[in-house]
Every structure is written in structure tokens, then in C-alpha cells.
Amino acid sequence: MNDLSTISDEEFVPFLKSLGVETYNKSFGWLLSDPDYEGVLGWIYNNLDQNNALTAREEYRYSELEKQGKVLSPEDLETQLHHLQDE
């Protein structure tokens with residue numbers, strides 16, 4: 383994947399929007415320096431490849447969580463997100 387400093391707004395902001403991230407029409411540089419976004423952007427950069435697929439490590443972690451019954455259904459996930467937003 384590109385080095386973070388070489389990623390342009392034209393290529394990354396639409397990618398974020400395709401993931402459902404509201405960018406408030408801010409530049410990639412602004413998002414990267416915002417504490418609310420920088421951790422997530424770093425995770426995306428470090429854990430997704432150019433095809434937006436999880437790394438082998440993340441796939442393994444997901445399968446382990448799935449085996450332990452810790453993966454929420456889409457409905458439960460939505461409910462949990464609403465609870466967090468209400469707090």
C-alpha cells in the first residue's frame with residue numbers, strides 16, 4: 383500500500399466514504415491529524431491490503447473470535463452501536 387504521506391485526497395477520501403465514514407469534506411491530511419480519526423486510519427492502513435481485504439493475522443483473529451461465539455450478528459452489532467452512540 384502507498385506510504386501515508388503519498389496518499390492523495392482523490393484516492394483516499396472516496397475510499398473512506400465507501401466504507402461509510404463521514405469525512406465532513408475534510409482533507410486526508412486533516413483526518414490523519416485529527417485524534418478521532420488517526421487511530422482508525424492507522425488501523426486501516428496497517429491491516430487492509432490494496433484489495434481492502436483483511437490481513438492473514440486479522441482473518442485468524444476473526445476466526446478465533448467466531449469460534450468463541452464473540453462475533454455479533456448484524457442486528458446485535460447495530461444495537462450495540464446505538465447504545466454506544468446514546469452514551
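383 is the number of the first residue of the sequence shown in our numbering; add one for each residue after it. All residues carry an ideal CB built from backbone N, CA and C; glycine is no exception.
Reduced DSSP secondary structure (H/G/I, E/B, other) of residue i
{"i": "T461", "result": "helix"}
{"i": "S400", "result": "helix"}
{"i": "K449", "result": "helix"}
{"i": "L466", "result": "helix"}
{"i": "L454", "result": "coil"}
Length of the line joining the Cα atoms of residue i and residue j
{"i": "L398", "j": "K408", "result": "11 angstroms"}
{"i": "T461", "j": "L423", "result": "24 angstroms"}
{"i": "Y444", "j": "Q467", "result": "24 angstroms"}
{"i": "V453", "j": "S390", "result": "34 angstroms"}
{"i": "L401", "j": "W412", "result": "18 angstroms"}
{"i": "D418", "j": "K449", "result": "31 angstroms"}
{"i": "Y406", "j": "V395", "result": "10 angstroms"}
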